[in-house]
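Below: the structure, in structure tokens.
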Amino acid sequence: MNLFLVLAFLFFIGSVLGWVLELFYRRFISDNNPERKWINPGFCVGPYLPLYGCGLCVLFLIASLERLDFTGSPLWNKIVLFAIMAVCMTVIEYIAGCIALNAFHVRLWDYTNEWGNLNGIICPKFSLYWAVMGALYYFLIHPRILHALRWLSENLAFSFVVGLFFGVFIIDVVHSAQLVVKVKQFAVENDVVVRYEALKLQIRKRHEEAKRKYHFFTPFRTEWSLAEHLKELREQGFRAGKKK
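Take the position in the sequence shown, starting the count at 1, then add 1; the result is the number in my numbering.
Set out below in structure tokens:
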């Protein structure tokens, strides 16, 4: 099968599954959500996270190197493979975080309180998580993905669904980028870094206090201006003695 179609299919699957994973992580585990609210994670509006889509493509390509003999030992070969996966995923995470932080003054996730963190973007704890996820992918998912790819090669009509996904995804990225530009303008004018997750929580809290309907898939759809929410979030940060 064409490699481009394979990677497009994997990006689609990884983005959607990653969104589901992050949705439950932020709802039940994340320390940045003490009120345990449902939060639409990520940069985009729709149910997908491009970081995980890129990650699944990388894991697939790395897992394809399993036939190479790195150490002469099957066990150590797999350990090296998982280490490579963890490093690559950490690099992807760092690049994405740096782009959001430096180009848009937005922090999509925050590891500031984690030991050994680098600019609050990556840390050893989550690099270890990536290694574990790489191992889980290799043993539990990769064989099934190979079967799915064989199915896809026999049912190329499904490529229409993948194409439809990318059409919606591109429109979503353009829409979300316009929102981020507004957030960046406020951040530059006020010399702050905006935590995206905190902004979403603040908008939701404002809706709940006013007993207004909150739109989960359009978290920035609000009767108040975005600038007003950003100013309120900034004031909360100053009261807490933090720069947000």
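Every residue gets a Cβ at the ideal spot worked out from N, C-alpha and C, and that includes glycine.
Straight-line measurement puts the Cα of ALA178 at about 17 angstroms from the Cα of LEU231. Collapsing the DSSP output to three states places VAL174 in a helix. In the DSSP assignment, LEU119 forms a beta bridge with ILE123. Leaving aside the five residues that flank ASN34 on each side, the residues in its chain whose CB is nearer than 8 angstroms to its CB run, in chain order, ARG27, ARG28, ILE40, GLU198 and LEU202. The Cβ neighbour count for HIS106, taken over all protein chains shown within 10 Å, is at least 16; the residue is labelled buried. Between ARG145 and TYR53, the alpha-carbon positions lie close to 18 angstroms from each other. Comparing alpha-carbon positions, the option among TYR112, VAL162, ARG37 and LEU147 lying closest to CYS58 turns out to be LEU147. Counting along the chain, TYR26 sits inside the alpha helix (DSSP H) bounded by residues 4-29. Look at the segment 182-214 and you find these whole runs of alpha helix (DSSP H), each 4 residues long or longer: 197-210. Linking GLU36 to LEU165 through their CA atoms gives a straight-line distance of about 36 angstroms. Each residue's CA atom was taken as its position, placing ASP173 and VAL181 some 12 angstroms apart. Straight across, the Cα-Cα distance linking ILE14 with LYS212 is about 36 angstroms. For GLY135, the number of other beta carbons within 10 angstroms of its own is at least 16, and it is reported as buried.
ALA64 is classed as buried because its beta carbon has at least 16 other beta carbons within 10 Å across all chains shown. DSSP places VAL59 in the helix class (H, G or I) of the three-state scheme. DSSP, read as helix, strand or coil, puts VAL46 in coil. ARG145 carries a helical assignment under DSSP once its states are collapsed to helix, strand and coil. Within the same chain, VAL46 come within 7 angstroms of HIS176 by CB-CB distance, once the 5 residues on both sides are set aside. The segment 149-160 and the segment 93-107 do not touch, with fewer than 3 CB-CB distances between them shorter than 8 angstroms. For the pair LEU157 and LEU11, the Cα-to-Cα distance works out to about 14 angstroms.
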